[in-house]
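Notes to accompany the following structure.
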Amino acid sequence: MKSEKTSIFPRFALNRPITVFMAILGLLVIGAIAFSRIPVELMPEGFIPPFLGVWAPYPNANPQEIEEQIAKPIEEQLRTIGGARRIRSYSGSNGCWTEIEFSQDTDMDLAYSQLRDRLDRVKSELPDDVDRLWARKFSDSDDPIVWVAIIPNPEVEDPYYLVEQLMQKPLERIDGVAKVDIWGAQKKTIQILINQDKVKSYNINLYAVIQHLRQENFTLSSGHVTEGEQKIYVRSVNSFDSIEEMRNLPIPSISGGSNIRLKDIAEIRYGVPERHWRLYIDDVKAITLGVYKESNANTVALCEQVETMFSDQIRKNPNLKGFRTEVLFNQGGFIIESINNLKNTMIWGGIFAFVVLFFFLRRFRMTLIVSIAIPFSILISLATLYFIGWSLNLITMMGLMVSIGMVVDNSIVVLENIYRKRTQGLPDKKAALEGASEVSLAVITATLTTIVVFLPLILMNDEVGFSFYMTRIGLPIIFSLLASLLVAMIFIPLASAHIVSRREMKEPAIITGTNNIYSRILNWSLHHRVGAFVILFLVLSSMIFAAGQTKVADRTSGNINDFRLIFDLPQNYTMEDTERLFFQVEELVKEKREEYGVRTILMRFSNDWGQIRVFLKKPPRQSWYEVLFKNSMVATGLMERETMLREEVVEDVKSRLPDFPGVDIRTTWWQEGGDDNSVSIVLYGDDTTTLTELSKEVERRLRSIEKIISIENDLEKGNDEICLRVNREQAKKYGISPQVISGTVQYALRGFPLPEYQTEEKEIDVRLQLREEDRENLNQLKNMTFFTESGVEIPLDAVATFSVEKGMGEIRRENGKTSLSITAKSTSDDMEGLYRRVDKVMRDFQMPYGYSWSKGRSFQQMQEGGQSQQFALILSITFVFLLMGVLFESFILPWAVIISIPFAFVGAYWMLFLTDTAIELMSRIGFIILVGIVVNNAIVLIDLVNRLRREGLSRTEALLEGGRQRYRPILMTAFTTICGLIPMAVGNANLIGIPYAPLGRTIIGGLLTSTILSLIAVPWAYTLFDDARIYFFRLGALLFKRSESLRKQPLPASESA
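Just so you know, we're using this note's numbering here: the sequence shown kicks off at 17 and counts up by one.
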């Protein structure tokens, strides 16, 4: 072959061997350094969309009141923050929570600064007793990296203070710890509990008492003064020196006397306030402590420091004698275990690929040379990830695992062709140059077909959906394949010319035998194309059955060995009722504690909501082959599982739960506690009352759907409310302001936070409220009195009316619109069919102007994800087709290669069906990756067939000879990838947050059928499309000749004139 037709890369390698060797060595050193320094995380950055949150506490209030007075003003200000994609607010009975979601490229430090500025502006628009707004920055580090259960010493009077001083604060001083939260214990506060009878007897207005206390205890920034060149800030302070001074504070009465002290009308108590929720761990009242990390902190190292502080300092502190601690969750240990599991899986995948290569090549030196592509490609990929700022995490590791068997494909093709050139008698160096150059375009194109399937990600905008996972899995694959291309085009020709001997390479007898069988089958299919079509069509049709029987999941199920029981309780439940119910359910779980493998049971509840979180024992660390052996033994009935799987535990618990009237119980291992067999309709509009009326019609329509068993909406979750309406005329008649009336009732029942009491050691919250026995029922509320300026006592029911009305549980808003959710639970497992029936009953639902409805957010996410996957699949096939058009210089022949894709889907669906694996996110990613992989062998086969035809062989001869020559390398490339993925397909999912087995199973199934069937289908299709090409060529030529003959005929005399 002429030198100008040889490829530049193998020519450079053969001419500059020392340079190539040094370059490879340098790249390996860089890769090794990057591997030692790349950060290790559980999940990649951006796994959780960045957002900011604002909490405006306003306890014991009406959600509609909170929506109007707090949510809307805050939303109005937050809309002006740059980069905000979505603003949601949730107005409940205790305050308003607002969250702002941002795009991934937003500068969150700047956004947080803007948030603080907007909150300062909005404070003047909020009610006076909203004294503080809490701003929080959320990111991937929002979940605690360490979660600790603390059983306090029952003899300790104030466990919160000890936990705060001796655990929380030392932990927060660790470099990298963002904050430490405490749950399950309350601070001791100063409670001023007003005695209503004494207030009446002393002719005192409660509203005036509150205002007086605010004026007597404050700290106020008063500006600054300049002393020379120094600026001195001024702070006005008027505070109590002791609790005794607070007790003796003079209280003005209507008569003008000042001999009344605060202690005369109230009990001033320093202690833990009444608790509206409780937390138990294994039947014992407990405290939990969550450690959060800064976004740039090393999770593994930080978790080790936290564990060290607990073991070396906290547990040995004599002041914490009698305290017991248990680490419920340690993300650092979880990361190490999961990453180690993935590393072992990768190593075994590499070993399998090596064994497969040796089986086919039967030459250790040659096998070793080809296998060098594996560590080289992985190290180069890791170095690239390190330099672009990515971490080594569960998702990027999946990409590296998938690429293990793929990176040797190019080297196999090049080495096979070089060896073929040697058998033709060419010298070693020339055989290396011509052999590598001859297949260079096909190898490069085949590599690019795998890479281009990830290009649609650029055109997709779901930031934390399908494209997010595809990008994190795809980029490591891309980097590995590009590195493997360098190995194939540079190192393999060099090594084959200088290292590999000319000793004949023996082919395994089984390969020779099956190759002969394959040639006969191929010859039959080329001469009996109709019969071959029938067989291929029947095989392809079987995919319909497998796809129809395979389960579909709308999300990937994680596994961190725990699950939750979520309880929504009726209004009439007291705290004691709730506690009895929770202990009853806990006892039900404990009855099968050993069978379930329960480690710890955590209960947290109030009188209307709660959850039981069951932590299961961590399974023993097992290699993939142990998992495969045990699962096989269990499946055949030769062995029983030591403990049940988490999904089995959840189902068993659900079946054993008794029926508690009015109690809604959901089982989940997801934080939000969604229900799998339910659909939601969300109404949007400006007015809550209008939405309420619309929701009644929606409920009526949903009830007409078969298999709907219950319907809930946000209204039903609300409590009954006493609606107090002030009679303005009557109030004016007595000279009492309506604001004073409503403010007094609000402060008396809900309580009012006063400025904090400052001691030398700490700040103590102060709260004023009517004592509990004065606010237990409606009659006591009606007995509340006011005094006119002349001292006349006026009862509350003389200036106000009372009615009991249904309140909303929570008012939700999104992007300035109020929303109301109606949820229908069904007994049907066919969610797609259920959604179709919902569409049918809602089709003619007329909404007022400015109002709209949509299906729930989970459906929208599932729909968006499905659309993204379809879009990615179509674009992937399109890009692959365009690349093959470039290679073959044909519009028709690429279709012969595309036919291998549906046969890959046949195997993928059957593999998922036979292994009882659901179609979910990871398996869908596998389908996309298959598009780029399965065409590679077909590309190299068709390229060889075209080359043989150019050398003079007929079409049939070229197909038979091309199939015979490519049979072994096709099997080698397929089985190195398949065997490299076996450990991944087995999948020890007990040790990982996101199961990777569906990804491996999809690719293995698709490669198996595609490899076997494409060896027949691609040559068969080639003849069809080649006939079509010839037909269209002849048709074009015929039409061209006819037009030429018409053009050359002489024109009639009239026209020529």
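We put the beta carbon where it would ideally sit given N, CA and C, even for glycine.
Problem set entry | Span separating the alpha-carbon of residue 1019 from that of residue 424 | When rounded, the separation of the alpha-carbon atoms in residue 1019 and residue 424 is 17 Å.
For this session: Could you have a look at residue 619 and say whether DSSP puts it in helix, strand or coil?
Result: It is a strand residue.
For this session: Could you say if the stretch 461 to 474 and the stretch 338 to 352 meet the contact criterion of at least three C-beta pairs nearer than 8 Å?
Result: Contact fails between the stretch 461 to 474 and the stretch 338 to 352, because fewer than three Cβ pairs, one in each stretch, are under 8 Å apart.
For this session: Can you tell me which of 75, 738, 591 and 669 puts its alpha carbon nearest to the alpha carbon of residue 813?
Result: Measuring from the Cα of residue 813, the nearest candidate turns out to be 738.
Problem set entry | First and last residue of the uninterrupted alpha helix (DSSP H) at residue 372 | Counted as a single uninterrupted DSSP element, the alpha helix (DSSP H) harbouring residue 372 occupies residues 347 to 377.
Problem set entry | Identified DSSP bridge partners for residue 836 | Beta-bridge analysis with DSSP links residue 836 to 699.
For this session: Would you check if the stretch 128 to 148 and the stretch 89 to 100 touch, i.e. whether three or more CB-CB distances between them fall below 8 Å?
Result: Contact holds: three or more Cβ-Cβ distances are below 8 Å.
For this session: May I ask you to report which of helix, strand or coil DSSP gives residue 780?
Result: Collapsing the DSSP output to three states places residue 780 in a strand.
Exercise. If you count every other CB in all the chains shown that lies within 10 Å of the CB of residue 540, and 16 or more means buried, which is it?
Worked result: The residue is exposed, with fewer than 16 neighbouring Cβ atoms inside 10 Å.
Exercise. When the Cα atoms are used, what is the spatial distance from residue 791 to residue 763?
Worked result: Whole-angstrom Cα-Cα distance: 11 Å.
Exercise. Under the rule that 16 or more other beta-carbon atoms within 10 Å means buried, what is residue 817, buried or exposed?
Worked result: By the Cβ neighbour-count rule, residue 817 is exposed, with fewer than 16 other Cβ atoms within 10 Å of its own.
For this session: Round the Cβ separation of residue 742 and residue 815 to the nearest angstrom and send it over; I've been treating them as touching at under 8 Å.
Result: Right, the Cβ-Cβ distance comes to about 6 Å (below 8 Å), so this counts as a contact.
Exercise. Can you round the beta-carbon distance between residue 496 and residue 393 to whole angstroms, since I take them to be within the 8 Å contact cut?
Worked result: Between residue 496 and residue 393, the beta carbon gap of about 4 Å places them in contact (Cβ cut-off 8 Å).
Exercise. Which residues does DSSP pair with residue 144 in a beta bridge?
Worked result: DSSP output for residue 144 lists no bridge partner at all.
For this session: State yes or no: is the C-beta of residue 960 nearer than 7 Å to some heavy atom of the ligand ZN?
Result: Although the ligand ZN was asked about, the structure shown includes no ligands whatsoever.
Exercise. Considering only the beta carbon of each residue, do residue 999 and residue 361 sit closer than 8 Å?
Worked result: Against a cut-off of 8 Å, the Cβ pair of residue 361 and residue 999 comes out as a contact.
Exercise. If you pair each beta-carbon of the stretch 449 to 464 with each one of the stretch 1019 to 1030, do three or more pairs fall below 8 Å?
Worked result: When C-beta atoms of the stretch 449 to 464 are compared with those of the stretch 1019 to 1030, fewer than three pairs fall below 8 Å, so the two segments do not count as touching.
Exercise. Taking three-plus beta-carbon pairs below 8 Å as touching, is the stretch 1026 to 1044 in contact with the stretch 543 to 559?
Worked result: Between the stretch 1026 to 1044 and the stretch 543 to 559 there are three or more C-beta pairs closer than 8 Å, enough to call the two in contact.
Exercise. Going straight from the alpha carbon of residue 450 to that of residue 436, what length do you get?
Worked result: Approximately 10 Å between the Cα atoms of the pair.
Exercise. Among 106, 45, 51 and 40, which has the Cα closest to the Cα of residue 69?
Worked result: For residue 69, the closest of 106, 45, 51 and 40 by C-alpha to C-alpha distance is 106.
Problem set entry | Burial state of residue 417, where buried means 16 or more other Cβ atoms lie within 10 Å | Buried.
Exercise. Is there at least one Cβ from chain B nearer than 8 Å to residue 305's Cβ?
Worked result: Protein chains in the displayed structure number just one, and chain B is not present.
Exercise. So, are the CB atoms of residue 781 and residue 205 less than 8 Å apart?
Worked result: The answer is yes: Cβ separation under 8 Å.
For this session: Assign residue 938 to one of two classes, buried (16 or more other C-beta atoms within 10 Å of its C-beta) or exposed (fewer than that).
Result: Residue 938 counts as buried, since at least 16 other C-beta atoms from the protein chains shown sit within 10 angstroms of its C-beta.
Problem set entry | Residues near residue 1076 by beta carbon distance below 8 Å, same chain, minus five either side | Any answer about residue 1076 is impossible in this case: the structure gives the chain only from 17 up to 1073.
Problem set entry | Cβ-Cβ distance between residue 715 and residue 727 below 8 Å | Taking 8 Å as the cut-off, the Cβ atoms of residue 715 and residue 727 count as close.
Exercise. Which residues share a DSSP beta bridge with residue 951?
Worked result: Partner(s): none; residue 951 has no beta bridge.
For this session: Write down every uninterrupted run of the beta strand (DSSP E) in the stretch 748 to 828 whose length is 3 residues or greater and which is fully enclosed by it, in chain order.
Result: Within the stretch 748 to 828, the complete beta strand (DSSP E) runs of at least 3 residues are 768 to 774, 779 to 786, 801 to 803, 809 to 811 and 816 to 822.
For this session: Could you pull the start and end residues of the beta strand (DSSP E) that residue 1079 belongs to?
Result: Outside the shown range of the chain, which is 17 to 1073, sits residue 1079, and nothing can be said about it.
Exercise. Can the beta-carbon of residue 55 be found closer than 8 Å to that of residue 333?
Worked result: No, these two residues do not count as a Cβ contact at 8 Å.
For this session: Answer with buried or exposed for residue 929, where buried requires no fewer than 16 other C-beta atoms within 10 angstroms of its C-beta.
Result: So residue 929 counts as buried.
Exercise. How many Å lie between residue 34 and residue 526 at the Cα?
Worked result: Between the alpha carbons of residue 34 and residue 526 lies a gap of roughly 40 Å.
Problem set entry | Simplified DSSP state of residue 105, which is helix, strand or coil | The answer is strand: DSSP assigns residue 105 an E or B state.
Exercise. In or out: residue 183 buried (at least 16 other Cβ within 10 Å) or exposed?
Worked result: Burial of residue 183 is indicated by the presence of at least 16 other C-beta atoms within 10 angstroms of its C-beta.
Exercise. Helix, strand or coil: how does DSSP classify residue 120 here?
Worked result: It is coil, neither helix nor strand.
Exercise. Tell me which same chain residues have a C-beta within less than 6 Å of the C-beta of residue 365, skipping the five on either side of it?
Worked result: For residue 365, where only same-chain residues beyond five positions count, the Cβ hits under 6 Å are 420, 996 and 999.
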